[in-house]
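Residue 26 is where the sequence shown starts when you use the working numbering, and the numbers rise one by one after that. Note sheet for the following structure.
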Amino acid sequence: MVVYGFVVAAVVFAIAAVVIGREARRLDALPPRPVFDMDQAVAWVADHLPFDVSAVLSHDDVRRIIDWNLEYFRSKGVGGNGQSAHVQGPVIVGGAETVDYVLRRAEALGASYTPAQVHAVLDAQMSYLEVIGAVGPEAPPEEMTG
26 MVVYGFVVAA VVFAIAAVVI GREARRLDAL PPRPVFDMDQ AVAWVADHLP FDVSAVLSHD
86 DVRRIIDWNL EYFRSKGVGG NGQSAHVQGP VIVGGAETVD YVLRRAEALG ASYTPAQVHA
146 VLDAQMSYLE VIGAVGPEAP PEEMTG
């Protein structure tokens with residue numbers, strides 16, 4: 026009876042080892058999922074701003090602009106956690122519409138940023154998102170007109 030117990034335990038252990046090993050190899054083959062860390066993003070963006078912009082904007086300003094840009098992303102159906110609304114076709118964000126959104130939000134709260142400052146922060150933020158693998162490449166011109 027004890028022998029059967031050891032045999033059963035050995036078979037269960039062998040099956041578990043095979044399944045765990047297979048899953049570990051499968052997960053190892055997948056690229057890591059990008060993780061957006063706000064503190065890291067603010068520091069990276071602030072470090073990659075042109076001098077004339079970084080001389081005027083504080084890290085708090087950069088954080089506020091990034092927050093508003095992420096708010097804009099969510100309004101366009103881009104989720105912050107890998108989940109998003111079911112949107113037909115590619116989601117294209119960026120450009121003057123995004124800058125206008127951020128400037129309207131800033132004006133509503135009494136903050137004054139120039140379009141050039143906002144554009145510089147948003148460009149650096151998009152570069153950061155590309156570096157961490159959170160966004161794809163820029164859309165071809167024919168997709169941007171749709």
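We put the CB at the ideal spot given by N, CA and C, even for glycine. In this text, all values refer to a predicted model and were calculated from it rather than measured experimentally.
Nearest-angstrom Cα separation, counted from residue j out to residue i
i: serine 137; j: arginine 89; result: 12 Å
i: aspartate 85; j: alanine 41; result: 50 Å
i: arginine 51; j: valine 146; result: 38 Å
i: serine 109; j: valine 32; result: With a pLDDT of only 47 at serine 109, under 50, the local geometry of the prediction cannot be trusted, and no value is derived from it.
Sequence-distant residues of its chain with Cβ nearer than 7 Å to residue i (five each side left out)
i: valine 112; result: Residue confidence is low: valine 112 scores 49 on pLDDT, short of 50, so the model does not pin down where it sits. No coordinate-derived value is stated.
Cutoff 8 Å; reference residue i; Cβ partners in own chain excluding five residues on either side
i: leucine 128; result: Tyr138, Pro140 and Val143
For residue i, the three-state DSSP class (helix, strand or coil)
i: valine 60; result: coil
i: alanine 136; result: coil
i: leucine 147; result: helix
i: leucine 154; result: helix
Whole-Å CB distance - residue i paired with residue j, under 8 Å assumed
i: tyrosine 153; j: valine 70; result: 6 Å
i: valine 67; j: isoleucine 91; result: 6 Å
i: tryptophan 149; j: leucine 74; result: This sequence places alanine at residue 149; tryptophan is not what is there. Confirmed, Cβ separation roughly 6 Å.
i: isoleucine 157; j: phenylalanine 61; result: 7 Å
Beta-carbon proximity list for residue i, same chain, < 6 Å, skipping 5 on both sides
i: valine 160; result: Leu154
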